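These notes concern the structure reproduced below.
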Amino acid sequence: MLTALVIDASPAARQQVTGLLELAGWGVHEAADAEDARWLSSAVALDLVVTSATVPGAVDGPGLLTALRRAGSTAHFLVVTPDPTDEVRAAAAAAGALACLAAPVDARLLVDLVRSRTAAPADEAGAHDLVDVEDLHDADLDADLQDRLQAMYADALPTRLSAISRSVRAGDPRAVAAAAHALAGTSGQLGHPEVAGVCQAIAADARRGILAHQRLAELTGLTGPAARRDDPRRRGELASAADATTGRHDLAGLVHVVDAAIARTAARRRGLAA
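Sequential numbering from 1 applies to the sequence shown in this note's numbering.
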């Protein structure tokens with residue numbers, strides 16, 4: 001499995017890119033600042049680094065990429081920014097980035113870009129021409145890419161639903177919010193607005209410490225058409241999601257979750273360092 005690092009101070013922005021990469025079969029790590037990004041780059045063999053143009057703890061995103069390359073990173077680089085000005089694009093090119101993409105990232109563009117441009121090892125450090133996004137739309141996007149994206153979405157959906165339902169059963173509102181937000185992002189970009197809307201509502205409830213069974217039941221209904229229920233594996237996944245709709249939890253009973261989450265994060269870091 002190819003491995004990516006997504007760097008952005010915004011959890012929502014990170015999850016949007018992470019969700020798309022995971023949909024394409026990538027393993028993804030996230031960093032909110034330059035310190036975590038440097039640590040992960042040294043601890044994990046990365047194939048791709050996607051960074052915001054601005055990163056806390058670094059002069060800017062391209063500057064951080066330059067530092068990672070000098071430290072020995074062989075990953076491909078991408079820069080994402082809401083405003084891809086000529087100045088930002090020039091800095092991205094100087095850092096050796098494949099492309100400078102406008103945020104929020106287009107699902108078809110990102111998936112096809114990383115599929116078609118990251119098969120070979122990254123070029124040596126130094127400036128080079130960026131991939132022209134307009135040319136990508138004309139030359140690189142396969143005619144059947146949308147169908148393949150929908151197939152990947154359908155294949156990943158049971159796992160995404162299970163992540164939400166497991167977090168509900170565990171009484172972990174933060175995990176529920178993260179999983180629901182990730183599914184909302186990919187659903188919205190791939191033409192499933194009803195699923196995206198329910199996921200956004202689940203995430204909003206979870207951020208208030210409320211895990212409401214009615215919304216999860218609604219999500220299960222939206223994502224469980226007859227064709228999907230006919231598949232035994234997917235039927236089991238959806239049944240698992242439905243099991244989580246039997247109760248409602250509030251934040252008062254979930255204080256212990258914070259300590260547990262911190263412990264899990266620390267254990268994960270120790271495991272990577274080992």
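By construction, the Cβ of each residue, glycine as well, lies at the ideal position given by its N, Cα and C atoms. From a predicted model like this one, the values you see are computed outputs, not experimental measurements.
Item, Value
"Measuring only the C-alpha atoms, how far is residue 28 from residue 70?", "22 angstroms"
"Select from 57, 68, 61 the residue whose C-alpha is nearest the C-alpha of residue 47.", "68"
"Under DSSP, the alpha helix (DSSP H) around residue 212 begins and ends at which residues?", "Careful: residue 212 lies outside any alpha helix (DSSP H) and carries neither H nor E."
"Suppose the cutoff is 8 angstroms on Cβ atoms and the five residues either side in sequence are ignored; what does the same chain contact list for residue 3 look like?", "26, 27, 28, 29, 44, 45, 46, 47, 48"
"Quick check: the Cα distance between residue 252 and residue 170, rounded to an integer number of angstroms?", "Low local confidence applies: a pLDDT of 34 at residue 252 is under 50, so the model's placement there is unreliable, with the coordinate-based value given in what follows. If you take the alpha carbons of residue 252 and residue 170, they lie about 14 angstroms apart."
"Distance check for residue 72 and residue 198, CA to CA, integer angstroms please.", "43 angstroms"
"DSSP three-state call for residue 275: helix, strand or coil?", "As displayed, the chain neither begins before 1 nor continues past 274, which places residue 275 out of reach and without an answer."
"Could you check whether residue 164 and residue 202 sit closer than 9 angstroms to each other, using their CB atoms as the reference points?", "yes"
"Going by beta-carbon coordinates alone, are residue 8 and residue 32 separated by less than 9 angstroms?", "yes"
"Going by the beta-carbon positions, is the gap between residue 66 and residue 95 smaller than 9 angstroms?", "yes"
"Between residue 277 and residue 19, is the Cβ-Cβ spacing less than 9 angstroms?", "Nothing can be reported for residue 277: it is not among the residues displayed for the chain, which extend from 1 to 274."
"Hey, residue 75 and residue 161: beta-carbon distance below 9 angstroms or not?", "no"
"What are the boundary residues of the beta strand (DSSP E) that includes residue 2?", "Here residue 2 belongs to no beta strand (DSSP E), and DSSP marks it neither H nor E."
"Given this structure, state the Cα-to-Cα distance separating residue 36 from residue 195, to the nearest angstrom.", "33 angstroms"
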